[in-house]
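Chemist: Dropping a structure here in structure tokens format, bear with me for questions.
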Amino acid sequence: MKSVWLAGGAALALSSAVVWAQESPIDLLPPGFDDPAPTPTPSPQATRAPAPTQTDGAQPTETQSGEIVQPLPSEIALPNADLDLSNLPTLEELDAMSTDELDEFLGLKPTADIPPAARRSMQRVGVLGVDEGGLPSASLEKQPAALVRAVLAGTTQPMVSRWGHILLRRALASRLATPAGMNPVEFATLRAQVLNAMGEHVVARALVQDIDTANYSPALTNAAVQAYLGSADIVGACPAVRLVDTPRDDTEWQMLAGICNAYAGEATRAQNDLRRLLNRAQENRIDVLFAQRFAGAAGRGRRAVTIEWDGTNSLTLWRFAMANTLGEPIPQNLLNDAEPDLLRIAAVTPALSPSQRSTGADVAGASGILSSAAMVDLYSQLFAEDGAEGDAALTASRLREAYVGSNPSQRLAAIREIWAGGGDYSYGRMVLTAYAAARIPASADFEEDAAMLIASMLAAGLDGDAMRWAGAVDAGSEAWALLALAAPNPSDAVTGGELDRFADDDGSSGQRKSRMLVAGLAGLGRVGDGEIAEYSGRLGMNLSAQTHWTRMIDRAAQVENRALVAMLAGLGMQGADWDRMTSRHLYHIVSALRRVGFEAEARMIAVEAVARA
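The sequence shown lines up with residues -21 to -1, 1 to 592 when you count with mature numbering (1 follows the signal peptide of the UniProt record, and there is no 0).
Below is the structure:
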């Protein structure tokens, strides 16, 4: 009602201004209206009305024409004569208001985009049900809210392990009930933030879309905006931008508001807002130009905007997402210096060509974002493109040769060439060749490449194919070590003599491969206590030392809470590379996962630790 009275007051003020501008008063009534005709004298027949019929207890009133009407109520709510109009904006202030500010002033700003009858419960939030591979919904319902909050808030980096990434993504995407004592919106926000930090923006977007915008908090809005930008879905963020009351007023938020206003039908207002923002911008002019160009595609704007990369020294998430969405070429010098986070986004951006997506395929595959099958599909599309050139096209050609070569030696040669081109993300190339490696026969003729072939197969979880090599490799070799960890049902425990041979031949820095092998075997229960004590002293490690994190993950495994173990394992596997992983962390992670039923994941993480150490 306050908004209505203010609107009425504003209209009154505007009309009064028009009246005062006239030189003299003008009579607007038609002739005869200022001298009303006298009331006629009623005839005797007119005074005799029919007996009134009373239906609801009110006293009827007879009109001049004889019809019966209800009387006005005795108390009528009239406008407050003391209404304060001093705070009404001026015409200049009204003109300067943005669309959102004007809607809020007039009381027209919507608060929800879903009708009440269609709104969804927040009892369980997620995108994976139990029948789809998700974890049980009540997994965290009775866990301490402070513990879950600390674990998720502390996970701020990508995983060093591909398989650890896959497991944590599965846990975070599961349709879970909120821990007791925690707000469901906060729980969803923490999960979305971790997914964004992992580079899983598409999964984070699916998670936030499972929540009605009317329930968003400012923190969840920020996580949702990052997920939409990371998945190059700029307009998808508009419901949150337009409906959620947030204190944000930074440049990115104003650019998003302008874009969303344009796609809501306010193209002129949006371009005016963005033009004013461009005039104020100094270091980030290119960001506003991107916003203008994107907003200009709405309606009939068709305003030409030239993107000027001159003077741009860094590639941010906004610039990367906008350029990819609009098809704007990014200078090669900026692409060469792009962070791994941006390369992961490129690998899954549908707007890019297969050649452009391939620039991030290796890091996305090594991270766990792309599966081996997805990488093969990508390079197959690239091979089918007419006129494809460059290193990516050459890799696609070699991948085809790795599958259809006339003999195993020819196929293995193509696989080696693919591995050699991996650079800093060579493990991603091993993910790419997993199924091709499984086609190489287990033979002593290829024993020299056995370890790499086995590691490639196990990067995609092909443990059945890898175990074909069990009788073709020497005990104590790296290939043997990988199979000792990967075997689903080992018949014999690992002996000290086999470990001796492996440790003696270990040329890795600080014998990290040997440390990871002993820790993995100990976590899987495949080596005796005597060997653990002996090699812990020999290799300078202490698997039994306790920290707050080791106690927490061991306790979670003891009560068989799979979701909490997965999240604690993710907390312990953060980092840029495997140098951040210690043998003690690996031991507790593998042991806890095995005890709660994640034995397959535990075996693959242990294998990956030895292969990548």
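Think of the CB as a built atom: it goes at the ideal place given N, C-alpha and C, for glycine as much as any other residue.
1) Within 10 Å of its beta-carbon, does His527 have 16 or more other beta-carbons around it, so buried, or fewer, so exposed?
2) Leu107 bridges to which residues according to DSSP?
3) Excluding the five sequence neighbours on either side, which residues of its own chain have a C-beta within less than 6 angstroms of the C-beta of Ala417, listed in chain order?
4) Whose C-alpha, out of Leu155, Pro319, Gly455, Arg491, is nearest the C-alpha of Gly476?
5) Short check: CB of Leu126 to CB of Leu543, under 9 angstroms?
6) What number of angstroms, rounded off, separates the C-alpha of Arg154 from the C-alpha of Leu147?
7) Please state whether the Cβ-Cβ distance between Ala274 and Phe299 is less than 9 angstroms.
8) Just how far apart, CA to CA, sit Ala438 and Glu368?
9) For the alpha helix (DSSP H) holding Val130, just list the boundary residues, first then last.
10) Drop a sphere of 10 angstroms on the beta-carbon of Pro218, count the other beta-carbons inside from all chains shown, and report buried for 16 or more, exposed for fewer.
11) Could you tell me if Ser(-6) is buried or exposed, where buried requires 16 or more neighbouring beta carbons within 10 angstroms of its beta carbon?
12) Provide the residue(s) that pair with Met138 in DSSP beta bridges, ordered along the chain.
13) Just verifying my parser: in three-state terms, what is the DSSP assignment at Gln233?
14) How should Pro333 be labelled, buried or exposed, when 16 other C-beta atoms within 10 angstroms of its C-beta is the threshold for buried?
15) Rounded to whole angstroms, what's the CA-CA distance from Ile145 to Ala352? Just pull it up for me.
16) Can you tell me where the alpha helix (DSSP H) with Gln490 in it begins and where it stops?
17) Assuming Leu565 and Ala545 make a contact with CB atoms under 8 angstroms, what is their CB distance in whole Å?
18) Near Arg221, which residues of its chain fall below 6 angstroms by C-beta distance, leaving aside the five closest residues on each side in sequence?
19) Short of 7 angstroms in beta carbon distance, which residues of its chain neighbour Asp189, apart from the five on each side in sequence? Order them along the chain.
20) From Trp557 to Arg141, what distance separates their C-alpha atoms?
21) Using CA coordinates, which residue listed in Met177, Gln335, Glu513, Ser422 is at the minimum distance from Val452?
22) Does the segment 534 to 541 come close enough to the segment 569 to 585 that 3 or more CB-CB pairs lie under 8 angstroms?
23) Report the CB separation of Leu131 from Leu169 in whole angstroms; it is logged as a contact under 8 angstroms.
24) If you measure from the beta carbon of Asp266 to each beta carbon in chain B, is any gap under 9 angstroms?
25) Assign Gly450 to one of two classes, buried (16 or more other C-beta atoms within 10 Å of its C-beta) or exposed (fewer than that).
26) Label Ile309 either buried or exposed according to how many other C-beta atoms from any shown protein chain fall within 10 Å of its C-beta, with 16 as the threshold for buried.
27) Determine the DSSP secondary structure at Met101, reduced to helix, strand or coil.
28) Would Lys121 be called buried (16 or more neighbouring beta carbons within 10 Å of its own) or exposed?
29) Helix, strand or coil: how does DSSP classify Thr168 here?
30) Checking 9 angstroms against the spacing of the C-beta atoms, do Ala167 and Met409 come in under that value?
31) Hey, how far is the Cα of Ala392 from the Cα of Ala381?
32) Look at the alpha carbon of Glu245 and the alpha carbon of Gly339, and state the distance between them as a whole number of angstroms.
33) Use the C-beta contact count for Gly290: other C-beta atoms within 10 angstroms, 16 or more gives buried, fewer gives exposed.
34) Check whether the Cβ atoms of Gln102 and Pro163 lie closer than 9 angstroms to each other.
35) On the DSSP letters alone, give me the boundaries of the alpha helix (DSSP H) that Arg272 sits inside.
36) Taking the alpha-carbon positions, what's the Ala399 to Ala434 distance?
Modeler: In terms of the structure at hand:
1) The residue given as residue 527 occupies position 548 in the sequence shown. Exposed, by the Cβ-count rule.
2) The count along the sequence shown starts at 1 and reaches residue 107 at position 128. Looking at the DSSP assignment, Leu107 forms a beta bridge with Ser153.
3) Translated into the one-based positions of the sequence shown, residue 417 becomes position 438. Taken in chain order, the residues that qualify are Met436, Leu441, Asp444.
4) By one-based count along the sequence shown, residue 476 stands at place 497. The shortest C-alpha separation from Gly476 is found at Gly455.
5) Translated into the one-based positions of the sequence shown, residue 126 becomes position 147. Translated into the one-based positions of the sequence shown, residue 543 becomes position 564. A contact, by the Cβ cut-off of 9 angstroms.
6) Mapped onto the sequence shown, residue 154 falls at position 175. Mapped onto the sequence shown, residue 147 falls at position 168. In a straight line, the C-alpha of Arg154 is about 14 angstroms away from that of Leu147.
7) In the sequence shown, residue 274 corresponds to position 295, counting from 1. In the sequence shown, residue 299 corresponds to position 320, counting from 1. Cβ distance not < 9 angstroms, so Ala274 and Phe299 don't count as in contact.
8) Walking along the sequence shown from the start, residue 438 turns up at place 459. Walking along the sequence shown from the start, residue 368 turns up at place 389. Taking the straight line joining both Cα atoms gives about 28 angstroms.
9) Counting from one through the sequence shown, the residue named residue 130 turns up at place 151. Its alpha helix (DSSP H) spans residues 124 to 132.
10) Sequence index remark: in the sequence shown, residue 218 carries index 239 (1-based). Pro218 should be labelled buried.
11) Taking the first residue of the sequence shown as position 1, residue -6 is located at position 16. Here the model assigns Ser(-6) a pLDDT of 39, short of 50, so the residue's position is not dependable, and the following value carries that caveat. It is exposed - the Cβ of Ser(-6) has fewer than 16 other Cβ atoms within 10 Å.
12) By 1-based counting over the sequence shown, the position of residue 138 is 159. Answer is Gln553.
13) Here residue 233 refers to the residue found at position 254 when the sequence shown is read from its first residue. The answer is helix: DSSP assigns Gln233 an H, G or I state.
14) The sequence position of residue 333 within the sequence shown is 354, counting from 1. Flag for Pro333 reads buried.
15) Here residue 145 refers to the residue found at position 166 of the sequence shown. Here residue 352 refers to the residue found at position 373 of the sequence shown. Ile145 and Ala352: Cα-Cα distance of roughly 15 angstroms.
16) Looking up residue 490 in the sequence shown gives position 511. Gln490 -> no alpha helix (DSSP H), and no H or E assigned at all.
17) Sequence index remark: in the sequence shown, residue 565 carries index 586 (1-based). Sequence index remark: in the sequence shown, residue 545 carries index 566 (1-based). Leu565 to Ala545, Cβ: 15 angstroms. No contact.
18) Looking up residue 221 in the sequence shown gives position 242. Excluding positions up to five away in sequence, the list reads Cys239.
19) For the purposes of this step, residue 189 is identified with residue 210 of the sequence shown, where counting begins at 1. Result list for Asp189: Val104, Gly105, Val106, in chain order.
20) Along the sequence shown, read from residue 1 onward, the residue named residue 557 stands at position 578. Along the sequence shown, read from residue 1 onward, the residue named residue 141 stands at position 162. Approximately 11 angstroms between the Cα atoms of the pair.
21) Taking the first residue of the sequence shown as 1, we reach residue 452 at position 473. When only C-alpha atoms are compared, the closest one is Ser422.
22) yes
23) Working through the sequence shown from its first residue, we reach residue 131 at position 152. Working through the sequence shown from its first residue, we reach residue 169 at position 190. Confirmed, Cβ separation roughly 4 angstroms.
24) Absent here is chain B; the protein component of the structure consists of one chain.
25) Taking the sequence shown and counting its residues from 1, one reaches residue 450 at position 471. Looking at its Cβ environment, which holds fewer than 16 other Cβ atoms inside 10 Å, Gly450 is exposed.
26) For the purposes of this step, residue 309 is identified with residue 330 of the sequence shown, where counting begins at 1. By the 10 Å Cβ count, Ile309 comes out buried.
27) Counting from one through the sequence shown, the residue named residue 101 turns up at place 122. Residue state, collapsed to three classes: coil.
28) Here residue 121 is taken as the residue at index 142 of the sequence shown, counted from 1. Looking at its Cβ environment, which holds fewer than 16 other Cβ atoms inside 10 Å, Lys121 is exposed.
29) Stepping through the sequence shown from its first residue, residue 168 is reached at position 189. Of the three classes helix, strand and coil, the one that applies to Thr168 here is helix, per DSSP.
30) Here residue 167 refers to the residue found at position 188 of the sequence shown. Here residue 409 refers to the residue found at position 430 of the sequence shown. For Ala167 and Met409, no; Cβs fall outside 9 angstroms.
31) Here residue 392 refers to the residue found at position 413 when the sequence shown is read from its first residue. Here residue 381 refers to the residue found at position 402 when the sequence shown is read from its first residue. Cα-Cα distance, rounded: 8 angstroms.
32) Residue 245 sits at position 266 when you count from the first residue of the sequence shown. Residue 339 sits at position 360 when you count from the first residue of the sequence shown. Those two C-alpha atoms are separated by around 37 angstroms.
33) Here residue 290 corresponds to residue number 311 of the sequence shown, with the count starting at 1. Counting Cβ neighbours within 10 Å, Gly290 comes out exposed, since fewer than 16 surround it.
34) As a working note, residue 102 is residue 123 in the sequence shown. As a working note, residue 163 is residue 184 in the sequence shown. Against a cut-off of 9 angstroms, the Cβ pair of Pro163 and Gln102 comes out as a contact.
35) One-based indexing of the sequence shown puts residue 272 at position 293. That run of the alpha helix (DSSP H) goes 264 to 275.
36) By one-based count along the sequence shown, residue 399 stands at place 420. By one-based count along the sequence shown, residue 434 stands at place 455. If you take the alpha carbons of Ala399 and Ala434, they lie about 15 angstroms apart.
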